[in-house]
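K.L.:
No gaps in the numbering here: position 362 of the sequence shown is 518 in my numbering, and each next residue is one more. Just so you know, even glycine gets a beta-carbon here, dropped at the ideal spot from N, CA and C. Please read all numbers here as calculations on a predicted model, not as lab measurements.
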Amino acid sequence: MGELQSTTVVADEKASNLDASSIDSGAVANPQVVETIFIDPGEEKAVLRKFDKWVLPQAFVFILLNYLDRSNLGNARVFGFEEDIGLVNNQFGNLVTLFFVPYIITEVFWVTAVKRFGPNYVITVALFGWCIATIATGFVQNYGQALACRMLLGLFEAGVAPAFTFIFSTIYDRESTAKRVALINLANATSGAFGGMFAYAIQTMGTRRGLEAWRWLFIIEGSISLAICGGCLWSFPNKPETAWFLNEDEKALMCRRKQRDVIYKGDDTFDWKWVRLAVSDPFIYVASMAFFTSSVAIFGYGTFLPTLIRGFGYNAFEANYLTIPVYALGAISLATQAYWSDRLKKRALFLLVSACPVIAAYLICIGTPNRVAGYVAMFILVTGVYSFSCLMMTWVATNLVPDYKRSVGLPIFASIGNCSGLVAGQLYPKSQSPRYIVGNSISAGLEAVAAIFVALTWLLLRRRNQQKAS
157 MGELQSTTVV
167 ADEKASNLDA
177 SSIDSGAVAN
187 PQVVETIFID
197 PGEEKAVLRK
207 FDKWVLPQAF
217 VFILLNYLDR
227 SNLGNARVFG
237 FEEDIGLVNN
247 QFGNLVTLFF
257 VPYIITEVFW
267 VTAVKRFGPN
277 YVITVALFGW
287 CIATIATGFV
297 QNYGQALACR
307 MLLGLFEAGV
317 APAFTFIFST
327 IYDRESTAKR
337 VALINLANAT
347 SGAFGGMFAY
357 AIQTMGTRRG
367 LEAWRWLFII
377 EGSISLAICG
387 GCLWSFPNKP
397 ETAWFLNEDE
407 KALMCRRKQR
417 DVIYKGDDTF
427 DWKWVRLAVS
437 DPFIYVASMA
447 FFTSSVAIFG
457 YGTFLPTLIR
467 GFGYNAFEAN
477 YLTIPVYALG
487 AISLATQAYW
497 SDRLKKRALF
507 LLVSACPVIA
517 AYLICIGTPN
527 RVAGYVAMFI
537 LVTGVYSFSC
547 LMMTWVATNL
557 VPDYKRSVGL
567 PIFASIGNCS
577 GLVAGQLYPK
587 SQSPRYIVGN
597 SISAGLEAVA
607 AIFVALTWLL
617 LRRRNQQKAS
């Protein structure tokens with residue numbers, strides 16, 4: 157335990173928490189060796205600004221397309237998708253639910269592949285696959301064909317968000333990771349606003365060349381994604397230390413930085429013990445339950461927002477364009493909370509605060525049939541739903557070390573959380589329209605449970621830090 161005495165112990169709710177189980181298992185390098193590596197802070201910031209310039213915009217575009225091609229099913233629903241292909245009972249809900257089966261099963265594979273082969277190759281394959289699945293959805297004629305396309309979409313979209321979370325956590329330090337991970341949810345919110353605007357524009361053009369408007373929605377959006385995906389192979393860096401936009405001195409700095417940071421992130425050599433530690437770490441499972449219970453709201457909201465707005469009494473055209481300002485507010489709220497969470501170095505506090513407007517908004521929808529009140533509730537809800545997901549993902553990513561443990565533990569966490577998609581897809585069947593009391597009640601209750609699991613996660617990390625301090 158001699159080496160551990162030179163490791164600073166900090167409060168558990170802060171962003172700079174260390175994972176005690178990894179440290180105690182030998183992840184910490186010799187501090188005397190690490191302390192001999194000096195990196196000029198100004199030069200380091202300049203290099204990281206290059207990553208902000210070249211990596212973040214690309215990541216934003218890829219993630220935006222990811223969520224856009226996933227959630228456009230909700231936009232298509234309000235202008236005839238179900239009726240045109242003959243869906244009955246809750247088959248639409250099944251399309252939403254069963255998307256998550258391959259998504260959940262293959263997340264660990266995709267994120268581990270990013271670590272093994274590099275993000276440019278893996279993300280290019282994923283992008284190409286989901287583009288083809290999206291375009292094919294525009295030509296489906298029945299439930300079976302639609303289900304096959306949705307499951308292929310889930311297969312190729314799996315792991316994109318946790319893969320980028322993993323990439324960011326290997327480049328940036330703990331105090332600045334949340335702002336970058338916020339990009340994932342910011343792209344989600346932006347895709348909602350853009351998707352609503354795009355769907356409204358396509359909806360107005362009606363049937364063209366024998367294809368209904370909703371079919372053009374899938375074909376055009378999938379084609380846009382396909383046109384962009386080819387550039388990922390050459391433009392996205394494979395490793396931080398070999399990024400094409402760095403000069404030789406900057407590459408050497410990133411190599412020294414990696415050696416210095418080994419005291420926090422652990423040895424980068426693969427060992428099965430990191431897999432065993434990830435699988436057996438209770439922190440991952442407690443945190444994943446918070447993510448699971450909160451994600452029911454975000455998955456239901458992301459897919460069914462046009463359905464909810466139409467249920468308030470607005471027509472199909474209004475249901476699509478009225479989503480735009482809601483998502484815009486969500487993007488602003490997310491960016492603000494991620495910034496202050498990083499600035500104050502706190503996660504649990506902001507997570508608990510984020511849960512409050514989500515619960516309140518669902519209770520408003522349950523309590524009144526007034527359509528204005530229902531629409532206002534959507535603005536209240538969006539101020540918390542995206543920030544919760546972002547901060548929870550960041551909290552876990554920055555508390556798993558070394559990289560190989562993170563590459564296993566993070567997708568386990570995300571896979572359990574994404575099981576909520578199996579629930580969310582069943583919450584808003586047509587039989588419950590227009591107010592969807594049961595679905596809104598379940599979402600509100602699970603968000604309250606999520607707050608409880610956040611508190612338990614904080615207590616677990618607090619106990620670990622106390623054990624390290626003693």
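#1: What would DSSP say about LEU409, mapped onto helix, strand or coil?
#2: Under 8 Å, do TRP627 and PHE468 count as touching if we go by C-beta distance?
#3: What would DSSP say about ARG562, mapped onto helix, strand or coil?
#4: Counting only the same chain and skipping the five closest in sequence on each side, list residues whose C-beta sits under 7 Å from that of GLY540.
#5: Does DSSP classify ARG364 as helix, strand or coil?
#6: Please report the distance separating the alpha-carbon of SER178 from that of TRP430.
#7: Which of helix, strand or coil does DSSP assign to ARG591?
#8: For GLY310, I'd like the list of residues in its chain whose CB is within less than 8 Å of its CB, leaving aside the five on either flank, ordered along the chain.
#9: Is the region 443-455 touching the region 569-582 in the sense that three or more CB pairs, one from each, lie closer than 8 Å?
#10: Where do the ends of the alpha helix (DSSP H) carrying ASN476 lie?
#11: Provide the residue span of the alpha helix (DSSP H) that contains ILE193, from first to last.
#12: Ignoring anything shorter than 4 residues, give me the alpha helix (DSSP H) runs that lie fully in the region 373-401, in order along the chain.
#13: Can you say whether THR346 is buried or exposed, counting buried as having 16 or more other CB atoms within 10 angstroms of its CB?
#14: If we count Cβ pairs, one from each stretch, closer than 8 Å, do we get three or more for the region 604-611 versus the region 581-596?
#15: Might you give, ordered along the chain, the residues of its own chain that have their beta carbon closer than 7 Å to the beta carbon of THR398, omitting 5 neighbours on each side?
#16: Using 8 Å as the threshold, is the C-beta distance between ALA289 and LEU303 below it?
#17: Assuming LEU519 and ALA580 make a contact with CB atoms under 8 Å, what is their CB distance in whole Å?
#18: Does the Cβ of GLN447 have 16 or more other Cβ atoms within 10 Å, making it buried, or fewer, making it exposed?
#19: Could you compute how far the alpha carbon of THR326 sits from the alpha carbon of LYS271?
#20: Hey, how far is the Cα of LYS335 from the Cα of THR363?
#21: Could you give the C-beta distance for LEU221 and SER444, rounded to a whole number, given that I count them as a contact under 8 Å?
#22: How far does the alpha helix (DSSP H) with LYS429 in it reach, from first residue to last?
#23: Here's the rule I'm using: 16 or more other beta-carbon atoms within 10 Å means buried, otherwise exposed. How should THR613 be labelled?
#24: For ALA202, does the count of other Cβ atoms within 10 angstroms reach 16, so buried, or fall short, so exposed?
#25: So what's SER599 in DSSP terms, helix, strand or just coil?
#26: Report the three-state DSSP secondary structure of TYR542 (helix, strand or coil).
#27: Around the Cβ of PHE273, are there at least 16 other Cβ atoms within 10 angstroms (buried) or fewer (exposed)?
#28: Please state whether the Cβ-Cβ distance between PRO585 and GLY236 is less than 8 Å.
#29: Excluding the 5 residues flanking GLY158 on each side, which residues of the same chain have their C-beta closer than 6 Å to its C-beta?
#30: Return helix, strand or coil for THR449, following the three-state DSSP convention.
#31: When you compare the CB positions of LEU461 and GLY242, do they come within less than 8 Å of one another, or not?
#32: If you follow the alpha helix (DSSP H) that PHE243 is part of, which residue opens it and which one closes it?
#33: Compute the distance between the beta-carbons of ALA504 and CYS521, then report whether it is under 8 Å.
#34: Can you give me the C-alpha to C-alpha distance between ALA475 and GLY530, rounded to a whole angstrom?
#35: Compare the C-alpha of ASN394 against each of TYR495, ILE340, LEU373 and ALA319 and name the closest.
#36: Looking only at its chain, what residues have a beta carbon closer than 8 Å to the beta carbon of GLY285, apart from the 5 residues adjacent to it on each side?
P.N.:
On the basis of the coordinates in this document:
#1: If DSSP states are grouped into helix, strand and coil, LEU409 belongs with the helices.
#2: Nothing in the structure corresponds to residue 627, since the chain is present only between 157 and 626.
#3: Reduced to three states, the DSSP call for ARG562 is helix.
#4: Once the five neighbours on either side are set aside, the close Cβ partners of GLY540 are SER510, ALA511, CYS512, PRO513 and VAL514.
#5: Three-state DSSP puts ARG364 in a strand.
#6: The predicted position of SER178 is uncertain, since its pLDDT is 39 and thus under 50; a value taken from the coordinates is nonetheless stated next. Using only the alpha carbons, I get a separation of about 8 Å.
#7: In the structure shown, ARG591 sits in coil (DSSP, three-state: anything other than H, G, I, E or B).
#8: The residues are LEU254, PHE255, PHE256, VAL257, PRO258 and TYR259.
#9: Taking 8 Å as the limit for Cβ pairs, the verdict is that the region 443-455 does touch the region 569-582.
#10: In the DSSP annotation of this structure, the continuous segment of the alpha helix (DSSP H) that includes ASN476 starts and ends at 472-477.
#11: Taken as a continuous stretch (DSSP letters only), ILE193 belongs to no alpha helix (DSSP H), as it is neither H nor E.
#12: Entirely contained in the region 373-401, the alpha helix (DSSP H) runs reaching 4 residues are, in chain order, 388-391.
#13: THR346 comes out buried.
#14: No contact exists between the region 604-611 and the region 581-596.
#15: So the list reads LYS407, once near-sequence residues are dropped.
#16: No.
#17: About 18 Å; that fails the 8 Å criterion.
#18: Per the sequence presented here, residue 447 reads as Phe, with Gln not at that position. The Cβ neighbour count for PHE447, taken over all protein chains shown within 10 Å, is at least 16; the residue is labelled buried.
#19: Approximately 10 Å between the Cα atoms of the pair.
#20: As the crow flies, the alpha-carbon of LYS335 is around 42 Å from that of THR363.
#21: A Cβ-Cβ separation of about 26 Å leaves LEU221 out of contact with SER444 under the 8 Å criterion.
#22: Judged by DSSP secondary structure, LYS429 falls within the alpha helix (DSSP H) whose first and last residues are 428-436.
#23: So THR613 ends up on the buried side.
#24: That one is exposed.
#25: It is helical.
#26: Annotated three-state conformation of TYR542 is helix, per DSSP.
#27: Using a 10 angstroms sphere on the CB of PHE273, the tally of other CB atoms stays under 16, which defines it as exposed.
#28: GLY236 sits away from PRO585, with the two beta carbons spaced by 8 Å or more.
#29: Annotation note: pLDDT 36 at GLY158 (below 50); position unreliable, no value reported.
#30: In the structure shown, THR449 sits in a helix (DSSP, three-state: H, G or I).
#31: Judged by their CB atoms, LEU461 and GLY242 are not nearer to each other than the 8 Å cut-off.
#32: First, the amino acid is wrong: residue 243 is Leu here, not Phe. Taken as a continuous stretch (DSSP letters only), LEU243 belongs to no alpha helix (DSSP H), as it is neither H nor E.
#33: In this structure, CYS521 does not lie closer than 8 Å to ALA504 by Cβ.
#34: Roughly 13 Å separates the two Cα atoms.
#35: Per the Cα distances, ALA319.
#36: Correct list, in chain order: LEU308, LEU311 and PHE312.
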